[in-house]
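In my numbering, the protein residues as written are 1170 to 1424.
These notes concern the structure reproduced below.
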C-alpha cells in the first residue's frame, strides 16, 4: 500500500486508486512504483478476479508529472513495465478504467492499457503531447489505432485535441458513458458480472482477444489451440457444466 496509490478489495474486485488529486493524479516515479506493486498483487492473489483503475478527486490522470520531469528529468517508468508501471505490461487479469474528468497524455495511455473503459459523461480523453514537443510513446501511438478507426486516431495524435466521453463512445474507445460521478459505481457493476464467471476462462479469453489481433488467418486456430485446451479439462469447466445441469450457481476453484 502507498499514500499515492490506494487499494481495496470487495467480493473479488480490486479497486486501485491514483491518489494525487492535488496534482490531478499526475504520475511521478513514486506513483509508478506503487502502481506496479498493486498490479503484482492483482496477478498473484487468487481471491482477486478483476481490478478497476480509477483516480481520486474527480480526475483520472493528467499523465506524466511534467513539473518533476522539467526539474529533474525524472521519467515515471518501471523496468519491464514501462510508464506508470503498467503501460508496457498490463496484468493477466482483466482491468477496467473508471474515468472521471481528464484522462490526458499518459493518463489516456493508462486507460488505453486497460481492457474496458467506463467513463463519466464529463470525462475527456486526449493525447496532447505534441503540443509540448513530445509524443505519446507509452501506447498512445500504438494502441489507439488498434482500438478506434485509423484516421480518428491520427487526428488525436497529430492535433493533441481532446474528445468528450460521448465522442469516445461513438468511435468505440469506451464501453459505457455514466452519469457524472457514477463511473466507478458502473465499473463495479460491470466488474462483478465478469467476476461471477470462471476465472481461468476469463483470463484465457482476455489473453486470446488481446494477443490474436496480428495472428495470420491461416495460423490463428493453431495458435489458439494450446492456450484454450487446458480450459476444457479444468475443474472449473466440469463445475460449470455440473452447475448448469443442477440449476445452481457454480463454485469456482480456479483450477
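Ideal placement from N, C-alpha and C gives every residue a C-beta, glycine not left out.
(request) Thinking residue 1287 and residue 1345 are a contact (beta carbons under 8 Å), I'd like their distance in whole angstroms, please. (result) For the purposes of this step, residue 1287 is taken as the residue at position 118 of the chain shown. For the purposes of this step, residue 1345 is taken as the residue at position 176 of the chain shown. Going by Cβ atoms, the distance from residue 1287 to residue 1345 rounds to 5 Å, so yes, they are a contact pair.
(request) Could you tell me whether the Cβ atoms of residue 1233 and residue 1274 are closer together than 9 Å? (result) Indexing the chain shown from 1 puts residue 1233 at position 64. Indexing the chain shown from 1 puts residue 1274 at position 105. Against a cut-off of 9 Å, the Cβ pair of residue 1274 and residue 1233 comes out as a contact.
(message) Within a Cβ cutoff of 8 Å, which residues of the same chain sit near residue 1187, ignoring the five residues on either side of it in sequence?
(response) By 1-based counting over the chain shown, the position of residue 1187 is 18. Here the set comprises 1173, 1174, 1194, 1196, 1200, 1204, 1222, 1223, 1224, 1225, 1229, 1230.
(request) Can you grab the Cα-Cα spacing for the pair residue 1329 / residue 1419, in whole Å? (result) Sequence index remark: in the chain shown, residue 1329 carries index 160 (1-based). Sequence index remark: in the chain shown, residue 1419 carries index 250 (1-based). Their backbone Cα atoms lie some 47 Å apart in a straight line.
(request) Give me whichever residues DSSP pairs with residue 1176 in a beta bridge. (result) Counted from its first residue, the chain shown places residue 1176 at position 7. Residue 1176 is bridged by DSSP to 1185.
(message) Rounding to the nearest angstrom, what Cα-Cα distance links residue 1189 and residue 1396 in this structure?
(response) Along the chain shown, one-based indexing puts residue 1189 at 20. Along the chain shown, one-based indexing puts residue 1396 at 227. Whole-angstrom Cα-Cα distance: 39 Å.
(message) Rounding to the nearest angstrom, what Cα-Cα distance links residue 1318 and residue 1414 in this structure?
(response) Along the chain shown, read from residue 1 onward, the residue named residue 1318 stands at position 149. Along the chain shown, read from residue 1 onward, the residue named residue 1414 stands at position 245. Approximately 43 Å, taken between the alpha carbons.
(request) Could you tell me whether the Cβ atoms of residue 1252 and residue 1279 are closer together than 9 Å? (result) Residue mapping note: residue 1252 aligns to position 83 of the chain shown, counting from 1. Residue mapping note: residue 1279 aligns to position 110 of the chain shown, counting from 1. Yes, the Cβ-Cβ distance between residue 1252 and residue 1279 is below 9 Å.
(request) Return the residue from the list 1294, 1178, 1214, 1266 that minimises the CA-CA distance to residue 1334. (result) Within the chain shown, numbered from 1, the residue matching residue 1334 stands at position 165. Closest by C-alpha distance to residue 1334, out of 1294, 1178, 1214, 1266, is 1294.
(message) Taking the beta carbon of residue 1381 as the centre, do at least 16 other beta carbons fall within 10 Å, making it buried, or is it exposed?
(response) As a position in the chain shown, residue 1381 is number 212, starting the count at 1. Exposed, because fewer than 16 other Cβ atoms sit within 10 Å of the Cβ of residue 1381.
(request) State the Cα-Cα distance for the pair residue 1110 and residue 1423, rounded to the nearest angstrom. (result) Here the chain covers residues 1170 to 1424 and nothing more, so residue 1110 does not appear.
(message) Which residue marks the beginning of the alpha helix (DSSP H) containing residue 1276, and which one marks its end?
(response) Mapped onto the chain shown, residue 1276 falls at position 107. Start and end: 1275-1282.
(request) Return the chain-ordered list of same chain residues with a C-beta closer than 7 Å to the C-beta of residue 1207, the five sequence neighbours on each side being excluded. (result) Within the chain shown, numbered from 1, the residue matching residue 1207 stands at position 38. Same-chain partners within the cutoff: 1174, 1176, 1185.
(request) Take every Cβ of the region 1384-1394, pair it with every Cβ of the region 1258-1267, and state whether three or more of those distances are shorter than 8 Å. (result) No: fewer than three Cβ pairs fall under 8 Å.
(request) Determine the burial state of residue 1358: buried for a count of at least 16 other Cβ atoms within 10 Å of its Cβ, exposed for fewer. (result) Along the chain shown, read from residue 1 onward, the residue named residue 1358 stands at position 189. By the 10 Å Cβ count, residue 1358 comes out exposed.
(message) For a minimum of 3 consecutive residues, which ranges assigned as the beta strand (DSSP E) are wholly contained in the region 1274-1340?
(response) 1285-1289, 1293-1295
(request) Under 8 Å by Cβ, that's how I've got residue 1352 and residue 1408 pegged, so tell me the actual separation to the nearest angstrom. (result) Translated into positions along the chain shown, residue 1352 becomes position 183. Translated into positions along the chain shown, residue 1408 becomes position 239. About 33 Å separates the two Cβ atoms, so there is no contact after all.
(message) Quick check on the DSSP output: the beta strand (DSSP E) that includes residue 1345 runs from which residue to which?
(response) The count along the chain shown starts at 1 and reaches residue 1345 at position 176. 1345-1347 is the span of the beta strand (DSSP E), which, as asked, contains residue 1345.
(request) Inspect the beta-carbon positions of residue 1368 and residue 1271 and report whether they are closer than 9 Å. (result) Residue numbering aside, residue 1368 sits at position 199 when the chain shown is read from its first letter. Residue numbering aside, residue 1271 sits at position 102 when the chain shown is read from its first letter. Using a Cβ distance threshold of 9 Å, residue 1368 and residue 1271 do not count as a contacting pair.
(request) Starting from the Cα of residue 1291, find the closest Cα among 1337, 1283, 1198, 1321 and give me that residue. (result) On the chain shown, residue 1291 is found 122 positions in, with the first residue counted as 1. Of the listed residues, the one whose Cα sits closest to residue 1291 is 1337.
(message) Report the CB separation of residue 1289 from residue 1347 in whole angstroms; it is logged as a contact under 8 Å.
(response) For the purposes of this step, residue 1289 is identified with residue 120 of the chain shown, where counting begins at 1. For the purposes of this step, residue 1347 is identified with residue 178 of the chain shown, where counting begins at 1. The Cβ separation is near 5 Å, so the contact holds.
(message) Taking the beta carbon of residue 1411 as the centre, do at least 16 other beta carbons fall within 10 Å, making it buried, or is it exposed?
(response) Counting from one through the chain shown, the residue named residue 1411 turns up at place 242. Classification for residue 1411: exposed.
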